[in-house]
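Visitor: I'd like to ask some things about the structure below.
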Amino acid sequence: MIQTGELINRARALAYEALREDTRYNGNPFIEHPDGVARILSDQIGLSGECIAAVYLHEAQRMHPEVEISGFPDEVMTIVDGLQKISTIKPKDTRLEAENYKKLIVQYSTDPRVTVIKIADRLEVMRNLAMFPKSSRDQKNLETLMLYIPLAHQLGLYNIKSEMEDIYLKFAEPEQFRQITRKLKATEKDRVRLTEEFIRPLEKKLAAAGIRYKLKIRTKTAYSIFKKMQKQHVPFEGVFDVFAIRFIIDCEPDRKVEQDLCWKVYSYVTEEYEPDISRLRDWVSNPKPNGYECLHITVKNASGAFLEVQIRTKRMDDTAENGLASHWSYKGVKSDAMLDSWLKSVRYQLEHPYEEKAEDMPLPPSSEIFVFTPTGELRILPAGASVLDFAFNIHTGLGCRCIGGKVNGKAVSIKEKLATGDVVEIMSGKNQRPNADWLAWVVSAKARNKIKLELDAAVRKKAAEGRELLERRLKNWKMSLPDGLLNDMMHHLKYNSVISFMAAVGEGVIDVNDIKNYILNPDLLVIRNDRPEEKGGPKPDWSATDEILVINAKGVRGLEYKMSACCNPKYGDAVFGFVTRTEGIKIHREDCPNAPRLKERYPYRVQKVIWQEKK
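Residues 0 to 614 in numbering that gives the first Met the number 0 are what the sequence shown spells out, letter by letter.
Written as structure tokens, this is what we have:
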């Protein structure tokens, strides 16, 4: 129950009045949110009435800055001030590289209780995540994964961490969540049976030793099982440590007494069951940096099944479940000196994060990656996305001019694949334009669609140039090109639209003098059409006596040639030359879309080309 007292009642009354017209996304009164946070702080973490009062005052002033909240103790106002500062930190204001964002939160809040309150606030939001619009829901889910779950873990708030993890999985991977929870429920009776069989031979020994204890079945969360399945590449049935049997010893909170009792229970268990010593974890003699204390051991039962056993005292269990706050509330914060000690311990944990194994860190959904702009703005892209995808995600114009980027400060090409957590800066050039290669370097629908639109616009521009050129030449020749003859010409040259035909004229792929020849000799079209086509299109056969053009990427003085814009050859590509009437030799890639047509219709204008070796 929420702690009652004049301080909390006054703060809640003020918040209730200020928020009386405000509702949440589900239509319920907004006061439900601070009420929920207060319950978490009181029941699950055990923070003081000052913290709970601060929650109500913060929400009242956050929603209505004009609300007057003076008249409360300085301690409460300090916490409120910290909460207000933290609320101004948004993902777009920071790179959100988890550790940096956590440090920023710690720096913003002079009182570390503010960070604990913020975690409780996020848990209340996650419990009601379904009511938010999808875009907001996805953003909150991601923030929780990247920031609040690691923070809760760092402070040893394992119950809160586990609950947030499962909610995250429920919305990020709904089908996996449903399958795992369904299978956990279906196997629940098996876990109970194994536990009963395990404790039966030990009951008399423990009773004779006068050890008071409670036995608890600790089942892994759906999220933890999901991580194991991903890491080990196994189905649910392949995860062997789905649950652990936990001894919670009831004794006085004295460290030596507690350690002795834990090891005594350990000796009884390992006398009865064969232990796997390599799996022993002694966090009783050497607690984890966040205060976690427990003995972990894996044993084999009579059926040959391996069981994980955890041994801890009630005090250790309280600390493990609810973190440092529980540790101090267990002893009772009876003086300012003890409060200062508790605050120092929380701040130390926040400022000295200990290194975690890779499997302990959050897992983003495999179908998406989360990357950031240099200013910290979050961008969600499909897995496999490149720098070019990122550029188009920011803005179409930036994507079209993209020439490369910097990923985490390192210069990379536009093809560079991105990963979750990358900070990406786009480099652009005013003369850069999309080409057909780009379609192979992007995976996002937005980028593909924009590139196709730009390529189509480029084709239309070339078509307009080609049409203008042809009309000008026809006028000079005092000739016309009837629609019927144009259609025959397009069919003969294998163009399926007037736009692509005219674009080829604009590119110089179709020489206007050849068009003049067809107009004067239309029978050539019929003769050509009657000829059988060779499968795959004829290609010139090179022989040792052929003249070979040697080129490099910069050109050779005295020889007029240029790289064709339709396929944009690069040094090292397999290429050939095509002799145009007006622009010298154009270099095409062998896999250029226009290559089959050029080689088939104008074999006498095709020139073998090799690249000059770079020195």
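We put the beta carbon where it would ideally sit given N, CA and C, even for glycine.
(1) Jot down the residue ranges of each uninterrupted alpha helix (DSSP H) in the region 184 to 259, minimum 4 residues, whole runs only, in chain order.
(2) Please state whether DSSP places Val283 in a helix, a strand or coil.
(3) List the DSSP bridge partners of Tyr560.
(4) Is the Cβ-Cβ distance between Lys461 and Ala502 less than 7 Å?
(5) Of the residues Lys585, Arg311, Gln83, Ala564, which one's Cα is nearest the Cα of Glu257?
(6) What residue from Val54, Asp249, Glu49, Gly45 has the CA that sits closest to His32's CA?
(7) In whole angstroms, what is the alpha-carbon distance linking Arg432 and Pro288?
(8) Rounded to the nearest angstrom, what separates Arg400 and Ala594 at their Cα positions?
(9) State buried or exposed for Phe371, treating a residue as buried only when at least 16 other CB atoms are found within 10 Å of its CB.
(10) Can you tell me the Cα-Cα spacing of Ala185 and Phe246, whole angstroms?
(11) Report the option in Ala463, Met315, Arg121, Gly465 whose CA atom is closest to the CA atom of Arg254.
(12) Measuring CB atoms only, is the region 125 to 135 touching the region 13 to 31, in the sense that at least three cross pairs come out at less than 8 Å?
(13) Determine the closest residue to Lys561 out of Gly571, Gly209, Gly576, with distance taken between C-alpha atoms.
(14) What does a CB cutoff of less than 8 Å around Glu74 pick up in its chain, not counting 5 residues either side in sequence?
(15) Indicate whether Glu164 and Thr220 have their beta-carbon atoms separated by less than 7 Å.
(16) With a threshold of 8 Å, are at least 3 pairs of Cβ atoms found where one atom belongs to the region 62 to 72 and the other to the region 139 to 153?
(17) Once the 5 residues before and after Leu13 are set aside, which same chain residues still bring their CB inside 8 Å of it?
(18) Please go through the same chain and pick out, in chain order, the residues whose beta-carbon is closer than 6 Å to the beta-carbon of Leu260, but skip the five residues on each side of it.
(19) Starting from Gly576, follow its DSSP beta bridges and name the residues at the other end.
(20) Please go through the same chain and pick out, in chain order, the residues whose beta-carbon is closer than 7 Å to the beta-carbon of Asp545, but skip the five residues on each side of it.
(21) In three-state DSSP terms, what is Ala10?
(22) Do Trp440 and Lys414 have their CB atoms nearer than 7 Å?
(23) Which residue or residues does DSSP assign as beta-bridge partners of Val406?
(24) Within 10 angstroms of its Cβ, does Phe500 collect 16 or more other Cβ (buried), or is it exposed?
(25) Under the DSSP definition of a beta bridge, which residues are partnered with Arg379?
(26) My output table needs one value for Gln138: the three-state DSSP class, helix, strand or coil.
(27) Over the uninterrupted beta strand (DSSP E) stretch that includes Arg311, give me the two end residues.
(28) Take the Cβ of Glu16 as the centre, count every other Cβ of all protein chains shown within 10 Å, and call the residue buried at 16 or more, exposed below.
(29) Where does Asn140 land, buried or exposed, given buried means 16+ other C-beta within 10 angstroms?
(30) Does the distance from the CB of Gly505 to the CB of Glu464 come in under 7 Å?
(31) Measuring CA to CA, which of Val115, Phe369, Cys293, Lys299 is closest to Lys313?
(32) So, is Ala573 buried or exposed, given that buried needs 16 or more other C-beta atoms within 10 angstroms?
(33) Determine the closest residue to Ala37 out of Gly45, Asn27, Phe29, Ile51, with distance taken between C-alpha atoms.
(34) State the CB to CB distance for the pair Thr297 and Leu306, rounded to an integer number of angstroms; the pair is presumed to be in contact (CB under 8 Å).
(35) The alpha helix (DSSP H) spanning Val113 covers which residue range?
(36) What does DSSP give as the partner residue(s) for Asp275 in the beta ladder?
Guide: Taking the structure as given:
(1) 187 to 198, 202 to 207, 221 to 231
(2) Translated into positions along the sequence shown, residue 283 becomes position 284. Assignment of Val283 by DSSP, reduced to helix, strand and coil, places it in the coil class.
(3) Position 561 of the sequence shown, counting from 1, holds the residue named residue 560. Tyr560 is bridged to Ile584.
(4) As a first step, residue 461 must be located in the sequence shown, where it is residue number 462. As a first step, residue 502 must be located in the sequence shown, where it is residue number 503. The answer is yes: Cβ separation under 7 Å.
(5) Within the sequence shown, residue 257 is the residue found at index 258, counting from 1. Considering only alpha carbons, the answer is Arg311.
(6) What you label residue 32 is simply residue 33 of the sequence shown in a count that begins at 1. Considering only alpha carbons, the answer is Val54.
(7) What you label residue 432 is simply residue 433 of the sequence shown in a count that begins at 1. What you label residue 288 is simply residue 289 of the sequence shown in a count that begins at 1. Taking the straight line joining both Cα atoms gives about 54 Å.
(8) By one-based count along the sequence shown, residue 400 stands at place 401. By one-based count along the sequence shown, residue 594 stands at place 595. Answer to the nearest angstrom: the Cα atoms are 27 Å apart.
(9) Stepping through the sequence shown from its first residue, residue 371 is reached at position 372. Phe371 should be labelled buried.
(10) For this step, residue 185 is matched to residue 186 along the sequence shown. For this step, residue 246 is matched to residue 247 along the sequence shown. Approximately 24 Å, taken between the alpha carbons.
(11) Position 255 of the sequence shown holds residue 254. Among Ala463, Met315, Arg121, Gly465, the Cα nearest to that of Arg254 is on Met315.
(12) yes
(13) As a first step, residue 561 must be located in the sequence shown, where it is residue number 562. Comparing Cα-Cα distances from Lys561 to each of Gly571, Gly209, Gly576, the minimum goes to Gly576.
(14) As a first step, residue 74 must be located in the sequence shown, where it is residue number 75. Once the five neighbours on either side are set aside, the close Cβ partners of Glu74 are Glu49.
(15) Your numbering for residue 164 matches position 165 in the sequence shown. Your numbering for residue 220 matches position 221 in the sequence shown. Yes; because the gap between Cβ atoms is below 7 Å, this pair is in contact.
(16) no
(17) What you label residue 13 is simply residue 14 of the sequence shown in a count that begins at 1. Tyr55, Leu56, Ala59, Val66, Ile68, listed in sequence order.
(18) Taking the sequence shown and counting its residues from 1, one reaches residue 260 at position 261. Excluding sequence neighbours, Leu260 sits near Ile248, Cys250.
(19) Residue numbering aside, residue 576 sits at position 577 when the sequence shown is read from its first letter. Gly576 is bridged to Ile586, Gln606.
(20) Numbered from its first residue, the sequence shown carries residue 545 at position 546. The predicted model places Asp545 with a pLDDT of 40, which falls under 50 and marks its position as unreliable; any figure quoted below should be read in that light. These residues qualify, in order along the chain: Lys607.
(21) Counting from 1 along the sequence shown, the entry for residue 10 is found at position 11. Note: Ala10 maps to helix in three-state DSSP.
(22) Position 441 of the sequence shown, counted from the start, is the residue given in the question as residue 440. Position 415 of the sequence shown, counted from the start, is the residue given in the question as residue 414. Cβ atoms of Trp440 and Lys414: closer than 7 Å.
(23) By 1-based counting over the sequence shown, the position of residue 406 is 407. Per DSSP, Lys409, Val423.
(24) Along the sequence shown, read from residue 1 onward, the residue named residue 500 stands at position 501. That one is buried.
(25) The residue you call residue 379 lines up with position 380 of the sequence shown. Correcting the residue identity first, residue 379 is Ile in this sequence and not Arg. In the DSSP output, where bridge partners are listed per residue, Ile379 has Phe369.
(26) By 1-based counting over the sequence shown, the position of residue 138 is 139. Note: Gln138 maps to helix in three-state DSSP.
(27) Residue 311 sits at position 312 when you count from the first residue of the sequence shown. Unbroken beta strand (DSSP E) run through Arg311: 305 to 312.
(28) For the purposes of this step, residue 16 is taken as residue 17 along the sequence shown, with counting starting at 1. Exposed is the call here.
(29) Numbered from its first residue, the sequence shown carries residue 140 at position 141. Burial call: buried.
(30) Residue numbering aside, residue 505 sits at position 506 when the sequence shown is read from its first letter. Residue numbering aside, residue 464 sits at position 465 when the sequence shown is read from its first letter. Contact flag set, yes.
(31) Locating residue 313 in the sequence shown gives position 314, where the first residue counts as 1. Comparing Cα positions, the closest option is Cys293.
(32) Within the sequence shown, numbered from 1, the residue matching residue 573 stands at position 574. Ala573 comes out exposed.
(33) On the sequence shown, position 38 is the one that residue 37 refers to. Among Gly45, Asn27, Phe29, Ile51, the Cα nearest to that of Ala37 is on Ile51.
(34) Locating residue 297 in the sequence shown gives position 298, counting from the first residue. Locating residue 306 in the sequence shown gives position 307, counting from the first residue. Contact flag correct, Cβ pair sits at about 7 Å.
(35) The residue given as residue 113 occupies position 114 in the sequence shown. Taken as a continuous stretch (DSSP letters only), the alpha helix (DSSP H) holding Val113 covers 112 to 126.
(36) Along the sequence shown, read from residue 1 onward, the residue named residue 275 stands at position 276. DSSP output for Asp275 lists Thr297 as bridge partner(s).
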